[in-house]
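Asker:
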Amino acid sequence: MPRPVAGSLRLALWPGELVCLLGPNGAGKSTLLRTLAGLQPPLGGQLRLGDQELATLNAPARARQLSVVLTDRVDGGNLTGHELVRLGRHPHTGWLGSLSAHDEAQVQAALAATGTAGLAHRPVGELSDGERQKILLARALAQDTPLILLDEPTAHLDLPNRVALMRLLHRLARQTGKAILLSTHELDLALQAADRVWLLSAEDALRTGTPEDLVLSGAFAAAFAREGLAFNPATGTFELHAPTGPPVQLVGDGAAAFWTRRALEREGFVPTAAPAAWRVTATLDPARWTSRLAGGPEYSHNTMSALLRALKPTSTP
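Residues 1 to 317 in full-length UniProt numbering are what the sequence shown lists, from first letter to last.
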């Protein structure tokens, strides 16, 4: 029995925009992305690419208009990375399928843009999941379509490569005028990189807007609301800890105060700017802390560990 995702939708992708499709597990992000890619039919309505309806385009025409990178594992057989990326040019070749000098230049540019030139001559079957995902992105770039759809492109990448990929996609949208839509669970990176967000909630509702609009309206926090987990719009992060201990007056600013606040919350304290029994001052260059319990002397600490030991009720500064 088909289950509609998000009910009635009216969405648009514009050239030069990076749009991130966000939502909790099971909300239907992959289903929506596959429908937009034409890999499964919509239950109703129309999908249009420019002035053409998607359903009226044959496979070659569709391949010249949109490229897709899915999380499904690709069996590249004995193909090398270079040969897999070259497949992205076939929608633009003649019936013989031979690549011109222009086609090969597009392939090389795609390898360079994704940092995969070093993988070009390795068999795809020997690549790691993350390396294979980057080669598939290079293939989509070589396909040179006005629209690129990606399903969880950062799923198998480590943090530096996740950041680099999101930065690359944002730059490509700007520089090439492509419309790029990707689904992702990288919420913090999406809030920084996306021009617009499509926010799909577990209640089948979809909100669209800039990341800032969705955060400040409370829609983002509501979509990911979980017991014991709260989104902090002031920092753009989800809070892992729910402090229940005594308040600590925190004095300072910049990186020193930010990381001191993190440490205090992890230990159960409630950092505040208001006067409290404990007063902590954080400074940087070099990192140094002072602590004072009301009515007592002030102590100096050279490490965060020493500060936290001093604040524990059973310890002596």
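A virtual CB, placed ideally from N, CA and C, is assigned to each residue, including glycine.
Need the endpoints of the alpha helix (DSSP H) that D103 sits in, please.
Answerer: First-last of the alpha helix (DSSP H) with D103: A101 to A113.
Asker: When you compare the CB positions of T260 and G252, do they come within less than 8 Å of one another, or not?
Answerer: Yes, the Cβ-Cβ distance between T260 and G252 is below 8 Å.
Asker: Pick helix, strand or coil for N161, following the three-state DSSP scheme.
Answerer: Reduced to three states, the DSSP call for N161 is helix.
Asker: For the pair the segment 202-216 and the segment 15-35, tell me if three or more CB-CB distances fall below 8 Å.
Answerer: The segment 202-216 vs the segment 15-35: in contact.
Asker: What three-state label does DSSP hand D213 in the structure shown?
Answerer: DSSP places D213 in helix when its eight states are reduced to three.
Asker: Can you pull the DSSP bridge partners for Q46?
Answerer: The partner list for Q46 (beta bridge, DSSP) is empty, contrary to what the question assumes.
Asker: Counting only the same chain and skipping the five closest in sequence on each side, list residues whose C-beta sits under 6 Å from that of E131.
Answerer: Closer than 6 Å at Cβ, skipping near neighbours: L119.
Asker: Taking the CB atoms as reference points, tell me whether R288 and Q249 lie closer together than 8 Å.
Answerer: Contact: no.
Asker: Rounding to the nearest angstrom, what Cα-Cα distance links P286 and F269 in this structure?
Answerer: Their backbone Cα atoms lie some 24 Å apart in a straight line.
Asker: Check each candidate in R162, E186, H156 and A193 and name the one with the smallest Cα separation from R174.
Answerer: The residue with the shortest Cα to Cα distance from R174 is A193.
Asker: Who are the Cβ neighbours of A140 in its own chain at under 6 Å, not counting the five residues just before and after it?
Answerer: Within the same chain, A140 has close Cβ partners S67, V69 and I148.
Asker: Evaluate contact between the segment 79-92 and the segment 104-115, counting only Cβ atoms and requiring at least three cross-stretch pairs below 8 Å.
Answerer: Because the criterion of three Cβ pairs below 8 Å is met, the segment 79-92 and the segment 104-115 touch.
Asker: Ordered along the chain, which non-local residues of its own chain (more than five positions away) have a Cβ less than 6 Å from that of T208?
Answerer: These residues qualify, in order along the chain: W198.
Asker: Following the continuous alpha helix (DSSP H) through L137, name the residue where it begins and the one where it ends.
Answerer: L137 -> alpha helix (DSSP H) spans D129 to Q143.
Asker: Under the rule that 16 or more other beta-carbon atoms within 10 Å means buried, what is K178, buried or exposed?
Answerer: It is buried - the Cβ of K178 has at least 16 other Cβ atoms within 10 Å.
Asker: Starting from P60, follow the alpha helix (DSSP H) in both directions and report where the run begins and ends.
Answerer: A59 to A63 is the extent of the alpha helix (DSSP H) around P60.
Asker: When the distance is taken between beta carbons, is K29 closer than 8 Å to S183?
Answerer: Contact: yes.
Asker: Within 10 angstroms of the Cβ of L54, are there 16 or more other Cβ atoms? Answer buried if so, exposed if not.
Answerer: When all chains shown are included, L54 counts as buried.
Asker: Can you round the beta-carbon distance between E265 and L308 to whole angstroms, since I take them to be within the 8 Å contact cut?
Answerer: Going by Cβ atoms, the distance from E265 to L308 rounds to 12 Å, so no, they are not a contact pair.
Asker: Taking the continuous alpha helix (DSSP H) assigned at A193, which residues delimit it?
Answerer: Unbroken alpha helix (DSSP H) run through A193: L187 to A193.
Asker: Here's a check: name, in chain order, each residue in its chain whose Cβ is nearer than 8 Å to the Cβ of Y299, leaving out the five neighbours to either side.
Answerer: Around Y299: T290, S291, R292, A310 and P317.
Asker: Shortest alpha-carbon distance to R62 belongs to which of L189, L284, A234 and P146?
Answerer: It is P146.
Asker: To which residues of the same chain is S315 closer than 6 Å at the C-beta, ignoring the five residues directly before and after it?
Answerer: Because S315 carries a pLDDT of 44, less than 50, the predicted location of this residue cannot be relied on, and the following value inherits that uncertainty. The answer, listed in chain order, is R309.
Asker: Could you check the C-alpha separation between L18 and L168 for me, to the nearest Å?
Answerer: Those two C-alpha atoms are separated by around 11 Å.
Asker: Return the residue from the list E152, G50 and P275 that minimises the CA-CA distance to T31.
Answerer: The option with the nearest alpha carbon to T31 is E152.
Asker: Which term fits E305, buried or exposed, when burial requires 16 or more other beta carbons within 10 angstroms of its beta carbon?
Answerer: Going by the sequence as given, residue 305 is Ser instead of Glu. That one is exposed.
Asker: Does A179 come out as helix, strand or coil in the three-state DSSP assignment?
Answerer: In this structure, A179 counts as strand in the three-state DSSP scheme.
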